[in-house]
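Worksheet for the structure shown next.
In the numbering used here, the protein residues as written are 7 to 570.
Printed below as a string of C-alpha coordinates:
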(Lines of atoms letter the chains of each structure in order from A and count residues from 1; the text may use other names and numbers.)
(Lines give C-alpha, C1' and ligand atoms only; values in the text may rest on other atoms or scores of the structure.)
Protein backbone atom coordinates (compact mmCIF):
# COMPACT_ATOMS: atom_id res chain seq x y z
CA UNK A 1 0.00 0.00 0.00
CA UNK A 2 1.55 3.37 -1.02
CA UNK A 3 1.87 6.15 1.56
CA UNK A 4 -1.15 8.47 1.77
CA UNK A 5 1.02 11.36 0.56
CA UNK A 6 1.69 9.39 -2.65
CA UNK A 7 -1.94 8.42 -3.31
CA UNK A 8 -3.92 10.87 -5.49
CA UNK A 9 -7.31 11.68 -3.99
CA UNK A 10 -9.14 10.28 -7.05
CA UNK A 11 -8.04 6.75 -6.06
CA UNK A 12 -9.66 6.94 -2.63
CA UNK A 13 -12.77 4.75 -2.67
CA UNK A 14 -15.83 6.77 -3.66
CA UNK A 15 -14.00 9.76 -5.18
CA UNK A 16 -12.92 9.36 -8.82
CA UNK A 17 -11.62 11.97 -11.32
CA UNK A 18 -14.69 14.24 -11.34
CA UNK A 19 -14.95 14.65 -7.58
CA UNK A 20 -11.16 14.94 -7.30
CA UNK A 21 -11.54 18.33 -9.03
CA UNK A 22 -14.03 19.38 -6.36
CA UNK A 23 -11.67 18.30 -3.58
CA UNK A 24 -8.94 20.43 -5.17
CA UNK A 25 -11.04 23.47 -4.23
CA UNK A 26 -10.47 22.47 -0.60
CA UNK A 27 -6.73 22.07 -1.12
CA UNK A 28 -7.08 18.27 -1.08
CA UNK A 29 -4.98 16.50 -3.71
CA UNK A 30 -3.87 13.31 -1.94
CA UNK A 31 -5.22 10.85 0.59
CA UNK A 32 -2.99 12.47 3.22
CA UNK A 33 -4.46 15.89 2.43
CA UNK A 34 -7.91 14.43 3.02
CA UNK A 35 -6.96 12.91 6.37
CA UNK A 36 -5.62 16.30 7.47
CA UNK A 37 -8.81 18.11 6.41
CA UNK A 38 -10.00 18.53 9.98
CA UNK A 39 -13.54 19.44 11.10
CA UNK A 40 -14.42 23.05 11.87
CA UNK A 41 -16.52 21.89 14.79
CA UNK A 42 -18.59 18.98 16.10
CA UNK A 43 -22.22 18.26 16.88
CA UNK A 44 -23.10 15.85 19.67
CA UNK A 45 -25.94 13.97 18.05
CA UNK A 46 -25.93 11.33 20.75
CA UNK A 47 -27.70 13.78 23.07
CA UNK A 48 -30.33 16.22 21.86
CA UNK A 49 -31.84 19.25 23.52
CA UNK A 50 -35.59 18.93 22.98
CA UNK A 51 -37.09 21.99 21.31
CA UNK A 52 -39.26 22.71 24.35
CA UNK A 53 -36.09 23.06 26.48
CA UNK A 54 -34.25 25.48 24.17
CA UNK A 55 -33.23 28.83 25.65
CA UNK A 56 -32.70 32.09 23.79
CA UNK A 57 -29.08 33.21 23.41
CA UNK A 58 -27.56 29.73 23.28
CA UNK A 59 -26.01 27.93 20.30
CA UNK A 60 -27.82 24.64 19.83
CA UNK A 61 -28.11 21.64 17.55
CA UNK A 62 -31.76 20.89 16.82
CA UNK A 63 -33.18 17.74 15.26
CA UNK A 64 -36.68 17.24 13.96
CA UNK A 65 -38.91 17.04 10.92
CA UNK A 66 -40.20 19.74 8.59
CA UNK A 67 -43.74 20.70 9.59
CA UNK A 68 -44.39 23.55 7.17
CA UNK A 69 -42.68 26.49 5.48
CA UNK A 70 -42.98 29.44 3.13
CA UNK A 71 -41.51 32.75 1.98
CA UNK A 72 -42.31 36.44 2.42
CA UNK A 73 -40.72 39.91 2.20
CA UNK A 74 -39.87 42.30 5.02
CA UNK A 75 -41.92 45.48 5.09
CA UNK A 76 -39.07 48.01 5.46
CA UNK A 77 -36.10 46.60 3.49
CA UNK A 78 -38.05 44.28 1.15
CA UNK A 79 -35.64 41.43 1.93
CA UNK A 80 -36.89 37.98 1.00
CA UNK A 81 -37.31 35.72 4.01
CA UNK A 82 -37.78 31.94 4.09
CA UNK A 83 -39.46 30.57 7.24
CA UNK A 84 -39.50 26.85 7.96
CA UNK A 85 -41.14 25.26 11.01
CA UNK A 86 -39.26 22.29 12.50
CA UNK A 87 -40.88 20.06 15.10
CA UNK A 88 -39.99 17.20 17.40
CA UNK A 89 -42.11 15.24 19.88
CA UNK A 90 -42.26 18.14 22.35
CA UNK A 91 -42.29 21.40 20.44
CA UNK A 92 -41.70 23.53 17.37
CA UNK A 93 -39.21 26.21 16.34
CA UNK A 94 -39.09 28.65 13.42
CA UNK A 95 -35.98 28.73 11.18
CA UNK A 96 -35.35 31.92 9.19
CA UNK A 97 -33.08 32.58 6.17
CA UNK A 98 -32.59 35.92 4.39
CA UNK A 99 -32.41 36.23 0.58
CA UNK A 100 -32.18 32.46 -0.01
CA UNK A 101 -35.60 31.47 -1.42
CA UNK A 102 -34.06 28.50 -3.26
CA UNK A 103 -33.61 26.71 0.08
CA UNK A 104 -37.34 25.95 0.08
CA UNK A 105 -36.58 23.16 -2.42
CA UNK A 106 -34.76 21.22 0.31
CA UNK A 107 -37.37 21.38 3.05
CA UNK A 108 -40.12 18.96 2.06
CA UNK A 109 -42.77 18.26 4.67
CA UNK A 110 -41.72 15.21 6.72
CA UNK A 111 -38.00 15.51 5.84
CA UNK A 112 -35.73 14.70 8.79
CA UNK A 113 -33.26 17.53 9.35
CA UNK A 114 -30.52 18.60 11.77
CA UNK A 115 -29.87 22.32 12.28
CA UNK A 116 -27.25 24.31 14.14
CA UNK A 117 -27.52 27.97 15.09
CA UNK A 118 -28.14 30.58 17.75
CA UNK A 119 -31.56 30.43 19.39
CA UNK A 120 -33.33 33.79 19.33
CA UNK A 121 -36.58 34.95 20.94
CA UNK A 122 -38.57 37.20 18.58
CA UNK A 123 -42.25 38.16 18.65
CA UNK A 124 -43.02 35.67 21.43
CA UNK A 125 -41.50 32.70 19.62
CA UNK A 126 -38.20 30.83 19.44
CA UNK A 127 -36.33 30.94 16.15
CA UNK A 128 -32.98 30.12 14.54
CA UNK A 129 -31.51 32.79 12.24
CA UNK A 130 -29.78 31.37 9.13
CA UNK A 131 -28.85 28.08 10.80
CA UNK A 132 -26.60 25.52 9.17
CA UNK A 133 -28.64 22.49 8.21
CA UNK A 134 -28.23 18.92 7.07
CA UNK A 135 -30.83 16.60 5.58
CA UNK A 136 -30.69 13.08 7.00
CA UNK A 137 -31.27 9.89 4.98
CA UNK A 138 -31.97 6.54 6.72
CA UNK A 139 -28.99 4.74 5.11
CA UNK A 140 -26.47 7.25 6.49
CA UNK A 141 -27.44 7.22 10.15
CA UNK A 142 -24.39 5.27 11.45
CA UNK A 143 -21.98 8.10 10.54
CA UNK A 144 -24.39 11.00 10.87
CA UNK A 145 -26.60 10.30 13.89
CA UNK A 146 -26.32 8.90 17.42
CA UNK A 147 -22.70 10.02 17.90
CA UNK A 148 -20.37 13.03 17.95
CA UNK A 149 -20.44 14.14 14.31
CA UNK A 150 -17.73 16.16 12.52
CA UNK A 151 -18.69 19.31 10.58
CA UNK A 152 -16.22 20.00 7.76
CA UNK A 153 -15.44 22.97 5.52
CA UNK A 154 -17.19 22.36 2.20
CA UNK A 155 -17.10 23.40 -1.43
CA UNK A 156 -19.84 23.32 -4.06
CA UNK A 157 -20.73 19.75 -4.98
CA UNK A 158 -19.57 18.15 -1.71
CA UNK A 159 -21.96 17.61 1.20
CA UNK A 160 -21.29 16.77 4.84
CA UNK A 161 -22.82 13.31 4.47
CA UNK A 162 -20.65 12.48 1.44
CA UNK A 163 -17.48 13.84 3.01
CA UNK A 164 -17.97 11.80 6.20
CA UNK A 165 -18.46 8.67 4.11
CA UNK A 166 -15.27 9.31 2.09
CA UNK A 167 -13.31 10.20 5.23
CA UNK A 168 -14.32 6.94 6.89
CA UNK A 169 -13.24 4.96 3.81
CA UNK A 170 -9.90 6.81 3.63
CA UNK A 171 -9.19 6.20 7.32
CA UNK A 172 -9.77 2.48 6.83
CA UNK A 173 -7.55 2.22 3.73
CA UNK A 174 -4.77 4.73 4.48
CA UNK A 175 -4.90 5.74 8.14
CA UNK A 176 -2.34 3.22 9.36
CA UNK A 177 0.15 4.20 6.62
CA UNK A 178 0.53 7.80 7.87
CA UNK A 179 4.16 8.68 8.62
CA UNK A 180 4.76 9.93 12.17
CA UNK A 181 7.43 12.65 12.01
CA UNK A 182 7.86 12.98 15.78
CA UNK A 183 10.81 10.87 17.03
CA UNK A 184 9.85 7.91 19.18
CA UNK A 185 11.84 9.24 22.16
CA UNK A 186 9.81 12.46 22.10
CA UNK A 187 6.54 10.53 21.77
CA UNK A 188 7.39 8.48 24.87
CA UNK A 189 8.41 11.50 26.94
CA UNK A 190 5.25 13.40 25.98
CA UNK A 191 3.05 10.27 26.19
CA UNK A 192 1.62 10.87 22.74
CA UNK A 193 -0.89 8.46 21.22
CA UNK A 194 -0.10 6.84 17.85
CA UNK A 195 -0.71 9.20 14.93
CA UNK A 196 -3.28 6.98 13.16
CA UNK A 197 -5.32 6.66 16.35
CA UNK A 198 -5.28 10.43 16.90
CA UNK A 199 -6.33 11.18 13.32
CA UNK A 200 -9.33 8.82 13.61
CA UNK A 201 -10.37 10.36 16.93
CA UNK A 202 -10.27 13.83 15.38
CA UNK A 203 -12.63 12.78 12.60
CA UNK A 204 -14.89 10.37 14.49
CA UNK A 205 -14.28 10.84 18.23
CA UNK A 206 -15.53 8.30 20.74
CA UNK A 207 -15.98 11.11 23.27
CA UNK A 208 -15.23 14.80 23.70
CA UNK A 209 -12.26 13.91 25.90
CA UNK A 210 -10.80 11.61 23.21
CA UNK A 211 -11.28 14.30 20.58
CA UNK A 212 -9.50 16.91 22.73
CA UNK A 213 -6.61 14.55 23.46
CA UNK A 214 -6.21 13.82 19.75
CA UNK A 215 -6.38 17.52 18.92
CA UNK A 216 -3.66 18.27 21.49
CA UNK A 217 -1.48 15.57 19.96
CA UNK A 218 -1.73 17.07 16.46
CA UNK A 219 -1.22 20.59 17.85
CA UNK A 220 1.95 19.39 19.58
CA UNK A 221 3.22 18.00 16.28
CA UNK A 222 2.55 21.28 14.47
CA UNK A 223 4.31 23.39 17.12
CA UNK A 224 7.16 20.88 17.33
CA UNK A 225 7.83 21.19 13.59
CA UNK A 226 7.31 24.95 13.65
CA UNK A 227 9.83 25.42 16.44
CA UNK A 228 12.38 23.29 14.60
CA UNK A 229 11.92 25.44 11.49
CA UNK A 230 12.36 28.63 13.57
CA UNK A 231 15.54 27.27 15.16
CA UNK A 232 16.96 26.22 11.79
CA UNK A 233 16.08 29.60 10.29
CA UNK A 234 17.80 31.43 13.13
CA UNK A 235 20.88 29.21 12.87
CA UNK A 236 21.08 29.86 9.14
CA UNK A 237 21.00 33.60 9.82
CA UNK A 238 23.58 33.82 12.62
CA UNK A 239 25.99 31.66 10.65
CA UNK A 240 25.99 34.06 7.70
CA UNK A 241 28.43 36.91 7.22
CA UNK A 242 26.71 40.24 7.66
CA UNK A 243 27.64 43.88 7.07
CA UNK A 244 29.28 45.71 9.97
CA UNK A 245 28.10 49.32 9.85
CA UNK A 246 30.19 52.17 11.22
CA UNK A 247 27.99 53.60 13.95
CA UNK A 248 29.22 55.77 16.78
CA UNK A 249 27.72 57.92 19.50
CA UNK A 250 28.23 60.95 17.29
CA UNK A 251 25.90 59.61 14.58
CA UNK A 252 23.21 58.80 17.14
CA UNK A 253 23.57 62.27 18.66
CA UNK A 254 23.41 63.99 15.26
CA UNK A 255 20.31 62.02 14.36
CA UNK A 256 18.45 62.92 17.55
CA UNK A 257 19.44 66.59 17.20
CA UNK A 258 18.15 66.64 13.61
CA UNK A 259 14.68 65.54 14.70
CA UNK A 260 12.11 68.31 15.30
CA UNK A 261 10.95 66.53 18.47
CA UNK A 262 12.44 64.67 21.40
CA UNK A 263 12.50 60.88 21.70
CA UNK A 264 10.92 58.85 24.47
CA UNK A 265 13.02 56.59 26.64
CA UNK A 266 11.63 53.55 24.81
CA UNK A 267 12.60 55.01 21.42
CA UNK A 268 16.14 55.73 22.63
CA UNK A 269 16.42 52.12 23.85
CA UNK A 270 15.33 50.81 20.43
CA UNK A 271 17.84 53.09 18.69
CA UNK A 272 20.58 51.65 20.91
CA UNK A 273 19.44 48.08 20.07
CA UNK A 274 19.51 48.82 16.34
CA UNK A 275 22.90 50.54 16.52
CA UNK A 276 24.43 47.63 18.45
CA UNK A 277 23.03 45.06 15.99
CA UNK A 278 24.10 46.96 12.88
CA UNK A 279 27.66 47.32 14.18
CA UNK A 280 28.06 43.53 14.27
CA UNK A 281 29.32 41.41 11.38
CA UNK A 282 26.26 39.14 11.63
CA UNK A 283 22.91 40.03 10.00
CA UNK A 284 20.42 41.80 12.25
CA UNK A 285 16.90 40.42 12.37
CA UNK A 286 14.86 42.53 14.79
CA UNK A 287 11.14 43.10 15.38
CA UNK A 288 10.04 46.50 16.72
CA UNK A 289 6.61 46.31 18.31
CA UNK A 290 4.64 49.38 19.37
CA UNK A 291 1.21 50.95 19.23
CA UNK A 292 0.18 53.26 16.40
CA UNK A 293 1.83 56.63 17.00
CA UNK A 294 4.48 55.30 19.39
CA UNK A 295 7.32 56.26 17.05
CA UNK A 296 8.47 53.01 15.41
CA UNK A 297 9.16 54.72 12.08
CA UNK A 298 11.63 57.16 13.66
CA UNK A 299 13.65 54.17 14.87
CA UNK A 300 13.51 52.63 11.38
CA UNK A 301 14.67 55.88 9.79
CA UNK A 302 17.76 55.78 12.01
CA UNK A 303 18.72 52.42 10.52
CA UNK A 304 18.38 53.91 7.03
CA UNK A 305 20.64 56.82 8.07
CA UNK A 306 23.19 54.38 9.52
CA UNK A 307 23.29 52.39 6.25
CA UNK A 308 23.83 55.58 4.22
CA UNK A 309 26.48 56.81 6.69
CA UNK A 310 28.42 53.57 6.09
CA UNK A 311 28.22 53.93 2.31
CA UNK A 312 25.39 51.45 1.66
CA UNK A 313 21.75 51.50 0.51
CA UNK A 314 18.51 50.99 2.45
CA UNK A 315 14.98 49.91 1.51
CA UNK A 316 11.65 50.33 3.31
CA UNK A 317 8.66 48.23 2.18
CA UNK A 318 5.10 49.16 3.21
CA UNK A 319 1.86 47.20 2.55
CA UNK A 320 0.02 49.98 0.66
CA UNK A 321 0.90 52.81 -1.71
CA UNK A 322 -0.60 55.44 0.56
CA UNK A 323 1.46 54.19 3.51
CA UNK A 324 4.63 54.05 1.39
CA UNK A 325 4.00 57.61 0.23
CA UNK A 326 3.43 58.66 3.84
CA UNK A 327 6.80 57.19 4.91
CA UNK A 328 8.50 58.90 1.96
CA UNK A 329 6.99 62.30 2.74
CA UNK A 330 7.71 61.97 6.46
CA UNK A 331 11.36 61.12 5.84
CA UNK A 332 11.82 64.12 3.57
CA UNK A 333 9.95 66.42 5.95
CA UNK A 334 11.78 65.29 9.10
CA UNK A 335 15.27 64.67 7.72
CA UNK A 336 15.29 66.56 4.42
CA UNK A 337 17.29 69.38 5.97
CA UNK A 338 20.36 69.47 8.18
CA UNK A 339 23.18 66.91 8.21
CA UNK A 340 21.25 64.27 6.25
CA UNK A 341 19.85 66.40 3.42
CA UNK A 342 22.24 64.85 0.88
CA UNK A 343 20.58 61.42 1.17
CA UNK A 344 19.05 60.51 -2.20
CA UNK A 345 15.57 59.13 -1.53
CA UNK A 346 13.04 57.69 -4.00
CA UNK A 347 9.50 56.31 -3.97
CA UNK A 348 8.69 53.11 -5.92
CA UNK A 349 5.01 52.30 -6.29
CA UNK A 350 3.07 50.43 -8.98
CA UNK A 351 1.28 53.57 -10.20
CA UNK A 352 4.51 55.07 -11.59
CA UNK A 353 4.99 55.14 -15.36
CA UNK A 354 7.41 52.72 -17.02
CA UNK A 355 9.84 55.58 -17.70
CA UNK A 356 9.79 56.62 -14.04
CA UNK A 357 10.29 53.04 -12.88
CA UNK A 358 13.18 52.44 -15.29
CA UNK A 359 14.94 55.53 -13.94
CA UNK A 360 14.57 54.23 -10.38
CA UNK A 361 15.78 50.74 -11.35
CA UNK A 362 18.91 52.27 -12.88
CA UNK A 363 19.52 54.46 -9.83
CA UNK A 364 19.27 51.49 -7.47
CA UNK A 365 21.56 49.34 -9.59
CA UNK A 366 24.16 52.11 -9.99
CA UNK A 367 23.97 53.12 -6.33
CA UNK A 368 22.87 56.72 -6.92
CA UNK A 369 19.74 56.13 -4.82
CA UNK A 370 20.53 55.75 -1.11
CA UNK A 371 17.05 54.99 0.24
CA UNK A 372 14.13 53.49 -1.66
CA UNK A 373 10.66 53.44 -0.09
CA UNK A 374 7.96 51.39 -1.78
CA UNK A 375 5.33 48.68 -1.77
CA UNK A 376 5.52 45.07 -2.97
CA UNK A 377 6.80 46.63 -6.21
CA UNK A 378 10.21 46.37 -4.53
CA UNK A 379 9.94 42.58 -4.92
CA UNK A 380 9.82 42.67 -8.73
CA UNK A 381 12.68 40.94 -10.55
CA UNK A 382 13.72 44.19 -12.23
CA UNK A 383 14.64 45.70 -8.84
CA UNK A 384 18.31 45.15 -7.99
CA UNK A 385 20.66 47.06 -5.69
CA UNK A 386 24.31 47.95 -5.90
CA UNK A 387 24.89 47.57 -2.15
CA UNK A 388 21.79 46.96 -0.02
CA UNK A 389 22.67 46.71 3.68
CA UNK A 390 19.46 47.59 5.56
CA UNK A 391 15.83 46.53 4.99
CA UNK A 392 12.72 47.76 6.82
CA UNK A 393 9.43 45.88 6.51
CA UNK A 394 6.32 47.62 7.82
CA UNK A 395 3.73 45.13 9.13
CA UNK A 396 5.35 41.77 8.31
CA UNK A 397 2.03 39.87 8.47
CA UNK A 398 1.03 41.67 5.27
CA UNK A 399 3.99 40.14 3.45
CA UNK A 400 5.44 36.95 4.96
CA UNK A 401 8.76 35.22 5.50
CA UNK A 402 9.33 34.39 1.81
CA UNK A 403 8.80 37.98 0.68
CA UNK A 404 11.05 39.18 3.47
CA UNK A 405 13.77 36.82 2.27
CA UNK A 406 13.22 37.83 -1.37
CA UNK A 407 13.77 41.52 -0.63
CA UNK A 408 16.77 40.77 1.59
CA UNK A 409 18.41 38.76 -1.20
CA UNK A 410 18.25 41.61 -3.71
CA UNK A 411 21.41 43.23 -2.40
CA UNK A 412 23.61 40.25 -3.11
CA UNK A 413 24.73 40.09 0.53
CA UNK A 414 23.00 39.57 3.87
CA UNK A 415 21.48 42.93 4.86
CA UNK A 416 20.23 43.81 8.32
CA UNK A 417 16.44 43.49 8.57
CA UNK A 418 14.12 45.50 10.81
CA UNK A 419 10.42 44.62 11.02
CA UNK A 420 7.79 46.98 12.42
CA UNK A 421 4.38 45.97 13.72
CA UNK A 422 1.57 47.71 15.58
CA UNK A 423 -0.08 44.36 16.32
CA UNK A 424 0.05 43.71 20.09
CA UNK A 425 1.64 40.29 20.60
CA UNK A 426 1.93 38.69 24.08
CA UNK A 427 5.54 37.90 25.02
CA UNK A 428 5.18 34.10 25.02
CA UNK A 429 3.36 34.09 21.67
CA UNK A 430 5.95 36.49 20.25
CA UNK A 431 8.76 34.13 21.27
CA UNK A 432 6.89 31.28 19.57
CA UNK A 433 5.98 33.02 16.31
CA UNK A 434 9.11 35.14 15.95
CA UNK A 435 11.71 33.00 17.66
CA UNK A 436 14.14 33.82 14.84
CA UNK A 437 13.90 37.55 15.67
CA UNK A 438 15.22 39.77 18.41
CA UNK A 439 12.36 41.84 19.82
CA UNK A 440 12.25 45.49 20.87
CA UNK A 441 9.13 47.07 22.36
CA UNK A 442 8.17 50.75 22.33
CA UNK A 443 5.82 50.82 25.29
CA UNK A 444 5.34 54.55 25.83
CA UNK A 445 3.73 57.24 23.71
CA UNK A 446 5.31 60.59 22.82
CA UNK A 447 4.18 63.50 25.04
CA UNK A 448 1.21 65.57 23.94
CA UNK A 449 -0.96 62.70 22.73
CA UNK A 450 -4.63 63.33 23.51
CA UNK A 451 -6.69 61.05 25.72
CA UNK A 452 -8.92 58.55 23.91
CA UNK A 453 -12.56 58.56 25.05
CA UNK A 454 -14.81 55.59 24.25
CA UNK A 455 -18.62 55.69 24.21
CA UNK A 456 -21.13 52.87 23.81
CA UNK A 457 -24.43 53.48 22.03
CA UNK A 458 -27.03 50.68 21.84
CA UNK A 459 -28.41 50.19 18.34
CA UNK A 460 -31.66 52.00 19.12
CA UNK A 461 -29.64 55.13 19.96
CA UNK A 462 -27.60 55.11 16.74
CA UNK A 463 -29.21 58.38 15.55
CA UNK A 464 -27.78 60.11 18.63
CA UNK A 465 -24.31 58.80 17.77
CA UNK A 466 -24.62 60.03 14.19
CA UNK A 467 -25.70 63.46 15.46
CA UNK A 468 -22.57 63.67 17.65
CA UNK A 469 -20.46 62.80 14.61
CA UNK A 470 -22.17 65.53 12.61
CA UNK A 471 -21.48 68.07 15.36
CA UNK A 472 -17.79 67.13 15.52
CA UNK A 473 -17.43 67.30 11.74
CA UNK A 474 -19.08 70.72 11.69
CA UNK A 475 -16.33 71.88 14.07
CA UNK A 476 -13.70 70.84 11.53
CA UNK A 477 -12.69 67.32 12.55
CA UNK A 478 -13.01 64.21 10.32
CA UNK A 479 -14.56 60.84 11.10
CA UNK A 480 -14.39 57.16 10.19
CA UNK A 481 -17.49 54.93 10.27
CA UNK A 482 -16.50 51.26 10.17
CA UNK A 483 -18.70 48.27 9.25
CA UNK A 484 -17.95 44.53 9.46
CA UNK A 485 -19.37 43.78 5.99
CA UNK A 486 -19.38 45.32 2.52
CA UNK A 487 -22.79 44.16 1.29
CA UNK A 488 -25.75 42.00 2.25
CA UNK A 489 -25.11 38.58 3.78
CA UNK A 490 -27.19 35.45 3.54
CA UNK A 491 -26.34 34.53 7.13
CA UNK A 492 -26.70 37.71 9.19
CA UNK A 493 -28.94 40.75 9.10
CA UNK A 494 -26.41 43.53 9.87
CA UNK A 495 -25.92 47.03 8.55
CA UNK A 496 -23.40 47.10 5.71
CA UNK A 497 -20.95 49.69 4.44
CA UNK A 498 -22.62 50.03 1.01
CA UNK A 499 -26.14 50.19 2.41
CA UNK A 500 -25.34 52.78 5.08
CA UNK A 501 -23.17 54.90 2.79
CA UNK A 502 -26.18 55.48 0.55
CA UNK A 503 -28.39 56.04 3.59
CA UNK A 504 -26.01 58.61 5.13
CA UNK A 505 -25.82 60.59 1.89
CA UNK A 506 -29.61 61.05 1.89
CA UNK A 507 -30.23 61.48 5.61
CA UNK A 508 -27.85 62.03 8.56
CA UNK A 509 -24.90 63.50 6.67
CA UNK A 510 -26.45 65.40 3.78
CA UNK A 511 -24.29 68.34 2.78
CA UNK A 512 -21.10 66.69 4.05
CA UNK A 513 -18.35 65.15 1.92
CA UNK A 514 -18.53 61.34 2.19
CA UNK A 515 -16.64 58.48 0.55
CA UNK A 516 -16.81 54.68 0.66
CA UNK A 517 -13.81 52.32 0.84
CA UNK A 518 -13.90 48.51 0.97
CA UNK A 519 -11.84 45.47 0.01
CA UNK A 520 -13.62 44.77 -3.29
CA UNK A 521 -12.42 48.07 -4.72
CA UNK A 522 -9.27 48.49 -6.79
CA UNK A 523 -6.29 49.25 -4.56
CA UNK A 524 -5.52 52.45 -6.47
CA UNK A 525 -9.08 53.73 -5.99
CA UNK A 526 -8.78 53.09 -2.27
CA UNK A 527 -5.47 54.93 -2.14
CA UNK A 528 -6.99 57.89 -4.02
CA UNK A 529 -9.82 58.08 -1.49
CA UNK A 530 -7.42 57.81 1.44
CA UNK A 531 -5.26 60.59 -0.02
CA UNK A 532 -8.32 62.85 -0.39
CA UNK A 533 -9.26 62.05 3.20
CA UNK A 534 -5.76 62.93 4.39
CA UNK A 535 -5.92 66.25 2.50
CA UNK A 536 -9.28 67.00 4.19
CA UNK A 537 -11.12 66.89 0.89
CA UNK A 538 -13.54 64.50 2.62
CA UNK A 539 -15.35 64.80 5.96
CA UNK A 540 -16.44 61.23 6.63
CA UNK A 541 -15.01 57.93 5.40
CA UNK A 542 -17.40 54.97 5.48
CA UNK A 543 -15.33 51.79 5.27
CA UNK A 544 -14.83 48.18 6.25
CA UNK A 545 -11.88 46.86 8.25
CA UNK A 546 -9.70 47.45 5.18
CA UNK A 547 -8.47 50.41 7.26
CA UNK A 548 -6.58 47.92 9.45
CA UNK A 549 -3.40 49.22 7.78
CA UNK A 550 -4.29 52.87 7.49
CA UNK A 551 -2.65 56.24 7.25
CA UNK A 552 -1.81 59.07 9.58
CA UNK A 553 -4.69 61.54 9.41
CA UNK A 554 -4.11 63.83 12.39
CA UNK A 555 -7.44 65.60 11.87
CA UNK A 556 -9.51 62.37 11.97
CA UNK A 557 -10.26 62.13 15.68
CA UNK A 558 -13.60 60.31 15.58
CA UNK A 559 -14.29 56.66 14.76
CA UNK A 560 -17.66 54.91 14.88
CA UNK A 561 -17.51 51.10 14.90
CA UNK A 562 -20.86 49.54 14.02
CA UNK A 563 -21.83 46.10 15.43
CA UNK A 564 -18.78 46.14 17.72
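A virtual CB, placed ideally from N, CA and C, is assigned to each residue, including glycine.
From the DSSP output, in three-state form, read off residue i for me.
i           : result
residue 118 : strand
residue 393 : coil
residue 387 : coil
residue 52  : coil
residue 446 : strand
residue 338 : helix
residue 526 : coil
residue 475 : helix
residue 124 : strand
residue 540 : helix
residue 245 : coil
residue 296 : strand
residue 494 : With a pLDDT of only 47 at residue 494, under the threshold of 50, the placement of this residue in the model should not be trusted, and no figure is reported.
residue 113 : coil
residue 343 : coil
residue 506 : helix
residue 151 : coil
residue 369 : helix
Cα-Cα, which of the options is closest to residue i?
i           : options               : result
residue 566 : 367, 199, 206 and 465 : 465
residue 321 : 225, 340, 354 and 458 : 354
residue 421 : 324, 107, 31 and 244  : 244
residue 304 : 134, 340, 329 and 461 : 340
residue 375 : 314, 283, 273 and 23  : 314
residue 113 : 127, 93 and 128       : 93
residue 40  : 559, 527 and 180      : 180
residue 202 : 184, 231 and 16       : 184
residue 252 : 275, 196 and 310      : 310
residue 529 : 130, 474, 329 and 14  : 329
residue 128 : 177, 69 and 61        : 61
residue 51  : 191, 119 and 95       : 119
residue 301 : 513, 569, 448 and 473 : 448
residue 154 : 215, 107 and 99       : 215
residue 57  : 35, 91 and 34         : 91
residue 68  : 412, 101, 74 and 168  : 101
residue 25  : 168, 139 and 236      : 168
Flag this pair as yes or no: are the beta carbons of residue i and residue j separated by less than 8 Å?
i           : j           : result
residue 399 : residue 379 : no
residue 48  : residue 219 : no
residue 428 : residue 296 : yes
residue 367 : residue 389 : yes
residue 136 : residue 152 : no
residue 258 : residue 277 : yes
residue 478 : residue 564 : yes
residue 384 : residue 323 : yes
residue 443 : residue 293 : yes
residue 121 : residue 141 : no
residue 229 : residue 198 : no
residue 272 : residue 401 : no
residue 312 : residue 281 : yes
residue 86  : residue 105 : yes
residue 356 : residue 381 : yes
residue 157 : residue 46  : yes
residue 126 : residue 149 : no
residue 204 : residue 223 : yes
Below 8 Å CB to CB, which residues in the same chain sit around residue i once its five sequence neighbours on both sides are set aside?
i           : result
residue 561 : 482, 483, 484 and 542
residue 317 : 393
residue 549 : 486, 487, 488, 489, 503, 522, 523 and 524
residue 545 : 479, 484, 485, 515, 518, 519 and 520
residue 351 : 334, 337, 338, 375, 376, 377, 378 and 379
residue 21  : 15, 29 and 172
residue 369 : 350, 352 and 375
Per the DSSP calculation, residue i is bridged to which residue(s)?
i           : result
residue 101 : 90 and 134
residue 78  : 87
residue 486 : 547 and 565
residue 70  : 119
residue 156 : 48
To which residues of the same chain is residue i closer than 6 Å at the C-beta, ignoring the five residues directly before and after it?
i           : result
residue 55  : 66
residue 115 : 72
residue 103 : 88, 109 and 136
residue 507 : 522 and 548
residue 246 : 289 and 420
Got a sec? Which residues, its chain only, sit under 7 Å from residue i by beta carbon, not counting five neighbours each side?
i           : result
residue 32  : 43, 159 and 161
residue 373 : 319, 392 and 393
residue 510 : 520 and 548
residue 196 : 226
residue 285 : 250, 251 and 253
residue 264 : 341, 344, 345 and 346
residue 476 : 514 and 515
residue 170 : 149, 150 and 156
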